[in-house]
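Just below is one structure, and these are the notes that go with it.
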Amino acid sequence: MRYPVARDLNSSGPAAESRPTPAPGRWAALAVLCASLLLVAMDATILNVALPSLIDDMRPTAVQQLWIIDIYGLVLGGLLVTSGAVSDRFGRKRLFLIGFVLFGLASVVAATAATPAQLIAGRVLLGIGGAMVMPSTLSLIRSVFTDPRERTLAIGIWAAVAGAGAAVGPLVGGLLVESHGWSAAFWVNVPVVVVTVVAGVRLLPEFRSAGNGPLDWPGAALSVVGVIALAWGIKHVAKGGLAVGDLAILALGLLLLAVFTRRQLTLAEPLLDVRLFTRRAFTAAALAIFLAMLAIGAALFLMSLWLQYVHGYSPFGAGLRTLPAAGAMLVGSLITPWLMERCGVRAVMALGLGGLIVGFLVLALSPEPTPYGVVAVVFVALGLGDGLAVTASAAVLVSAVPAERAGQAGAVSETAYELGIGLGVALLGSLHASAYAGHMDGRPTGARESIGGAVETAETLGGAAGTRLLDAARAAFESALTTTAYVSVGIVTAVAVLVVWLVPRGFRASGGH
């Protein structure tokens with residue numbers, strides 16, 4: 001099945017006025033794309049509530065715990081630019097199906113892991129498969145939905161599924177962990193992969209651009225290594241250490257990405273048209289997606305630990321209490337097209353980022369110990385903000401490129417999305433860990449590393465000593481959460497001001513000003 005090529009929304013004249021007839025199978029194709037996206041998005045957060053169970057079973061170190069959680073997003077983010085270019089040249093449907101099959105095989109590797117190293121390897125393979133899938137979902141939407149209003153609605157549904165997947169991951173993970181153990185969080189992927197691949201073969205269109213030249217493999221290597229090195233460096237420097245090796249890796253990442261950018265500017269058929277970032281609204285949209293996912297990724301990770309270790313909820317109980325975020329995210333994504341029609345892109349993006357600021361402010365100002373009612377309000381504010389900001393920003397990115405390069409827009413969107421989640425856990429998670437360790441100064445080493453370590457140490461000590469240690473750890477976790485929330489308020493506020501300044505007044509996602 002091949003759909004007519006959608007024209008560039010930024011074009012003008014008769015070609016822009018004469019829209020191709022909408023394809024009859026477009027909504028069925030969207031359903032397949034959303035099913036795959038739901039699974040890939042869930043895997044970014046599904047281990048949040050499974051981590052305590054996994055720690056008890058596998059005994060990973062504190063560093064291994066962070067890698068198990070965020071290596072998936074970092075690898076996925078590093079490969080997205082290359083995958084977007086590959087999908088444009090060699091076929092979006094083909095890459096989507098191959099990537100999803102790999103995703104299923106990687107799930108088996110992770111589910112059968114007996115050591116932290118094998119589990120991390122499985123998560124790496126999941127990231128590679130996810131990187132092949134995710135740019136294709138958004139770029140196929142760009143190809144299939146030729147009507148701008150239908151496309152905006154489709155992107156709203158897409159963003160709702162992506163956000164809801166990240167938010168319900170802890171709930172699904174909690175249910176599976178309680179009934180079948182942590183490995184079930186990976187086994188659940190396999191039947192969904194089989195059904196989706198079969199449906200995708202029948203329902204998805206193939207699209208490849210005839211205009212793109214050979215793939216820039218040196219540029220691909222620069223982008224992959226550069227993004228991963230940058231993420232590694234940020235992750236380790238954020239932990240508070242300034243080791244020469246970590247700083248060198250961070251500098252290497254920046255250098256490789258600078259070389260990549262310079263190289264792309266000299267190519268007739270670049271892997272990524274970096275000139276797109278000279279468009280202020282395009283840059284603002286990428287920033288907004290990155291920041292929104294950084295905030296929600298870190299919040300879901302830390303609050304899942306808070307619900308289990310501080311309040312003692314089971315994995316499923318913790319996941320159930322994250323549902324306000326999923327529901328609010330769904331609502332925010334679905335009302336975004338309506339709001340954009342009436343208020344414009346800048347107002348919707350500002351409203352979304354404002355929701356994130358409100359959420360973190362409520363968390364920062366709440367009394368300690370923080371009651372769950374306050375956390376529920378935080379989840380709603382973060383979910384609404386995330387849904388509004390991500391949906392509006394994705395619509396801007398997709399409308400900025402012609403259909404034959406939609407893979408590039410999808411790559412930028414998904415890179416910002418996944419790096420936001422991964423670096424949110426790495427950056428804000430490391431900031432929280434550092435603040436927690438400071439409050440636990442003088443306590444046993446294991447208790448200073450993490451609250452999970454404190455629980456284990458308290459169980460070993462037993463009696464009044466164990467109770468005192470556990471109370472101190474819970475208080476330290478709460479105090480560190482307050483510190484992290486204040487820092488998040490500052491980051492989000494600064495970027496919100498920048499985004500509002502970058503997006504022109506009256507800008508529309510259809511390209512109109």
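Just so we're aligned, residue 1 is where the sequence shown starts under full-length UniProt numbering, counting upward by one. From the three backbone atoms N, C-alpha and C, an ideal C-beta is built for every residue, glycine too. Here the structure is a predicted model, which means the values were calculated and not measured.
Find out if the Cβ-Cβ distance for the pair Leu428, Val487 is shorter than 9 Å.
Within the sequence shown, residue 428 is the residue found at index 428, counting from 1. Within the sequence shown, residue 487 is the residue found at index 487, counting from 1. Judged by their CB atoms, Leu428 and Val487 are nearer to each other than the 9 Å cut-off.
Does the separation of the CB atoms of Phe96 and Ser107 fall below 9 Å?
Walking along the sequence shown from the start, residue 96 turns up at place 96. Walking along the sequence shown from the start, residue 107 turns up at place 107. No, they are not a contact pair.
Looking only at its own chain, which residues have a Cβ that is under 6 Å from the Cβ of residue 514, when we skip the five neighbours before and after it?
Because the chain is modelled from 1 through 513, residue 514 falls outside the range shown and cannot be assessed.
Is DSSP giving Leu498 helix, strand or coil here?
Residue numbering aside, residue 498 sits at position 498 when the sequence shown is read from its first letter. Helix.
To the nearest whole angstrom, what separates the beta carbons of Leu138 and Glu414, a pair I think is in contact under 8 Å?
Looking up residue 138 in the sequence shown gives position 138. Looking up residue 414 in the sequence shown gives position 414. That pair is a contact at about 7 Å.
Report yes or no: do three or more beta-carbon pairs, one from the segment 477–493 and one from the segment 293–309, lie closer than 8 Å?
Short answer: they touch.
For the 8 Å Cβ check, are there 3 or more pairs between the segment 373–389 and the segment 328–346?
The segment 373–389 makes contact with the segment 328–346, as at least three CB pairs between them are under 8 Å.
Tell me the rounded alpha-carbon separation between Gly130 and Gly99.
For the purposes of this step, residue 130 is identified with residue 130 of the sequence shown, where counting begins at 1. For the purposes of this step, residue 99 is identified with residue 99 of the sequence shown, where counting begins at 1. Those two C-alpha atoms are separated by around 6 Å.
First and last residue of the alpha helix (DSSP H) that includes Phe100?
One-based indexing of the sequence shown puts residue 100 at position 100. Unbroken alpha helix (DSSP H) run through Phe100: Arg92 to Ala111.
Whole-angstrom distance between Ala220 and Arg263, CA atom to CA atom:
Position 263 of the sequence shown, counted from the start, is the residue given in the question as residue 263. Position 220 of the sequence shown, counted from the start, is the residue given in the question as residue 220. For Arg263 and Ala220, the distance between alpha carbons rounds to 11 Å.
Leaving aside the five residues before and after Tyr313 along the sequence, list all residues of the same chain whose C-beta is less than 6 Å from its C-beta, in chain order.
For the purposes of this step, residue 313 is taken as the residue at position 313 of the sequence shown. The residues Leu307, in chain order, have a CB closer than 6 Å to that of Tyr313 in the same chain once the five nearest residues on each side in sequence are set aside.
Alpha carbon of Met132 to alpha carbon of Ala199, nearest angstrom
The sequence position of residue 132 within the sequence shown is 132, counting from 1. The sequence position of residue 199 within the sequence shown is 199, counting from 1. Taking the straight line joining both Cα atoms gives about 17 Å.
Check whether Leu30 and Ile141 have beta carbons under 9 Å apart:
In the sequence shown, counting from the first residue as 1, residue 30 sits at position 30. In the sequence shown, counting from the first residue as 1, residue 141 sits at position 141. Contact check for Leu30 against Ile141 passes: the beta carbons are separated by less than 9 Å.
Could you compute how far the alpha carbon of Val348 sits from the alpha carbon of Leu361?
Position 348 of the sequence shown, counted from the start, is the residue given in the question as residue 348. Position 361 of the sequence shown, counted from the start, is the residue given in the question as residue 361. For Val348 and Leu361, the distance between alpha carbons rounds to 20 Å.
Does the distance from the CB of Ala62 to the CB of Ala433 come in under 9 Å?
For the purposes of this step, residue 62 is taken as the residue at position 62 of the sequence shown. For the purposes of this step, residue 433 is taken as the residue at position 433 of the sequence shown. Pairing Ala62 with Ala433 gives a Cβ-Cβ distance under 9 Å.
Assumed close pair Ala392, Gly352 - CB separation to whole angstroms, cut-off 8 Å
What you label residue 392 is simply residue 392 of the sequence shown in a count that begins at 1. What you label residue 352 is simply residue 352 of the sequence shown in a count that begins at 1. About 7 Å; that satisfies the 8 Å criterion.
On the criterion of 16 or more Cβ atoms from any shown chain inside 10 Å, does Cys343 qualify as buried, or is it exposed?
On the sequence shown, residue 343 is found 343 positions in, with the first residue counted as 1. The residue in question, Cys343, is exposed, as its Cβ has fewer than 16 Cβ neighbours within 10 Å.
Rounded Cβ spacing between Leu250 and Gly233 (contact assumed at less than 8 Å)
Here residue 250 corresponds to residue number 250 of the sequence shown, with the count starting at 1. Here residue 233 corresponds to residue number 233 of the sequence shown, with the count starting at 1. Indeed they touch by this definition, with Cβ atoms about 3 Å apart.
Spatial neighbours of Ala184 in its chain, beta-carbon cut-off 6 Å, leaving aside the 5 residues before and after:
Within the sequence shown, numbered from 1, the residue matching residue 184 stands at position 184. Closer than 6 Å at Cβ, skipping near neighbours: Leu176.
Let me know if Trp217 comes out buried or exposed under the rule of 16 or more other beta-carbons within 10 Å of its beta-carbon.
Indexing the sequence shown from 1 puts residue 217 at position 217. By the neighbour-count rule (16 or more Cβ atoms within 10 Å), Trp217 is not buried but exposed.
How many angstroms separate the CA atom of Leu287 from the CA atom of Val499?
For the purposes of this step, residue 287 is taken as the residue at position 287 of the sequence shown. For the purposes of this step, residue 499 is taken as the residue at position 499 of the sequence shown. Looking at the two C-alpha atoms, the distance is approximately 7 Å.
Which residues bound the alpha helix (DSSP H) around Arg123?
In the sequence shown, counting from the first residue as 1, residue 123 sits at position 123. In the DSSP assignment, Arg123 falls within the alpha helix (DSSP H) that extends over Pro116 to Val144.
Given that a residue counts as buried once 16 or more other Cβ atoms are within 10 Å of its Cβ, and exposed if not, what is Trp338?
Translated into the one-based positions of the sequence shown, residue 338 becomes position 338. Label assigned to Trp338: exposed.
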